[in-house]
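This report refers to the structure that appears directly beneath it.
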Amino acid sequence: MNETYDILILGGGPGGISAALTAHARGRKALIVSNEAGTSALWKAHRIDNYPGLVGMSGAQMLTAMTGDLKKLEIPVVTGRVTGVMAMGKSFMVSVGQDVYMASALILATGSAQPKAYPGEAELLGRGVSYCATCDGMLYRGKNVAVIGLSADAAEEADFLRGIGCKVEFFDKNRAKRYEIRGETSVTALAADGAEYPVDGVFILRDTVAAGVLLPGMTMEDNHIAVDRSMRTSVPGVFAAGDCTGRPYQIAKAVGEGNIAALSADAYIKENQS
């Protein structure tokens with residue numbers, strides 16, 4: 050799949066939904082890429098009492114109501130994990146599993162869980178470090194690989210690698226706490242809590258890929274994405290909204306920032322089309 054959009058929004062929470070609705074109102078073709086709704090912190094909230102018009106709803110009820118607006122307006126949502134972002138001049142190429150999408154602007158609305166990259170992760174990305182077993186597994190057929198399994202589908206992806214002939218060392222959430230990926234020009238080992246495992250590849254399977262790794266050079270502050278008042282990041286054409294930009298972690302803030310990010314993305318596209 051190779052589809053082109055005006056604005057691609059990473060995250061299907063209140064910030065991402067708000068951005069998509071504003072983009073649609075501005076006549077922009079928008080796409081949301083998101084994990085399953087049930088994995089979000091909002092979905093698990095028992096009761097929310099500080100969002101106007103929806104006081105007393107559970108998080109699941111509120112998110113269902115918000116996503117209902119997307120369905121009414123036929124704004125598409127893709128469920129999946131973003132595994133790569135590449136700047137292509139005036140556009141961006143975004144990999145979601147084995148599918149690829151193009152967009153003129155990006156809005157990051159990935160929530161408060163901004164994972165820190167492991168030592169060696171960014172440096173060896175594409176040289177032994179991967180975020181998608183089904184995408185890159187065949188490159189390691191017959192070789193030793195490690196899977197750091199932090200997502201719900203990690204065990205399944207590890208089984209896929211075994212099925213194509215990889216020798217898999219699997220690390221679930223409880224096996225180790227500290228990781229370091231070692232190698233100079235390519236991956237040669239994974240250190241887990243100090244113990245070293247010789248491997249040719251490391252598959253890091255998180256629900257969300259670290260934003261600083263997806264977009265090298267993007268400025269981060271206290272493990273949040275740094276933005277200005279227009280929700281611009283340090284990368285031209287990339288905007289951010291919601292919990293990923295910092296406290297307070299509130300739905301009203303996320304919705305407001307999503308609106309601003311979409312307006313800024315719309316203005317950015319107009320400037321680059323002239």
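For the sequence shown, my numbering gives the first residue as 50, with consecutive numbering after it.
Note that the Cβ used here is the ideal one computed from N, Cα and C, for glycine as well.
Going by C-alpha positions, D249 is about 31 Å away from V127. The DSSP assignment places 238-241, 244-247, 250-254 as complete runs of the beta strand (DSSP E) inside the region 230-280, in order along the chain (cut-off: 3 residues). Secondary structure note for D202: it is in no alpha helix (DSSP H), with a DSSP letter that is neither H nor E. Between Q147 and T183, the beta carbon gap of about 6 Å places them in contact (Cβ cut-off 8 Å). Here the region 144-160 makes no contact with the region 168-179; the two share fewer than three CB pairs at distances below 8 Å.
Judged by pairs of C-beta atoms under 8 Å, the region 51-67 touches the region 299-313, as three or more such pairs exist.
Beta-bridge partners assigned by DSSP to A152: Y54, F141. Each residue's CA atom was taken as its position, placing N321 and K139 some 7 Å apart. As a beta-bridge residue in DSSP terms, T128 pairs with S83. In the displayed model, A74 falls within a helix according to three-state DSSP.
The beta carbon of K78 sits closer than 6 Å to those of Y54, D55, all from its chain and outside the five residues before and after it, given in chain order. When secondary structure is reduced to three states using DSSP, G108 falls in the helix class. According to the DSSP assignment, V304 belongs to the alpha helix (DSSP H) that extends over 300-322. For A182, the enclosing alpha helix (DSSP H) starts and ends at 182-185. Taken through DSSP and simplified to helix, strand or coil, I66 comes out as helix.
Within a 10 Å sphere around the beta-carbon of D208 sit fewer than 16 other beta-carbons, which makes this residue exposed.
With a threshold of 16 other beta carbon atoms within 10 Å, A314 meets it and is buried. In the three-state DSSP reduction, K192 falls in the coil class, being neither helix nor strand.
By the Cβ neighbour-count rule, V104 is exposed, with fewer than 16 other Cβ atoms within 10 Å of its own. In the three-state scheme derived from DSSP, where H, G and I count as helix and E and B as strand, G133 is classed as strand. With contacts defined as CB atoms closer than 8 Å, A195 and L239 qualify as a contacting pair. For A207, the secondary structure class from DSSP, reduced to helix, strand or coil, is helix. In terms of CA proximity to M187, K216 leads the group G198, D202, K216. If you look at A289, you'll find it in the beta strand (DSSP E) that goes 287-289.
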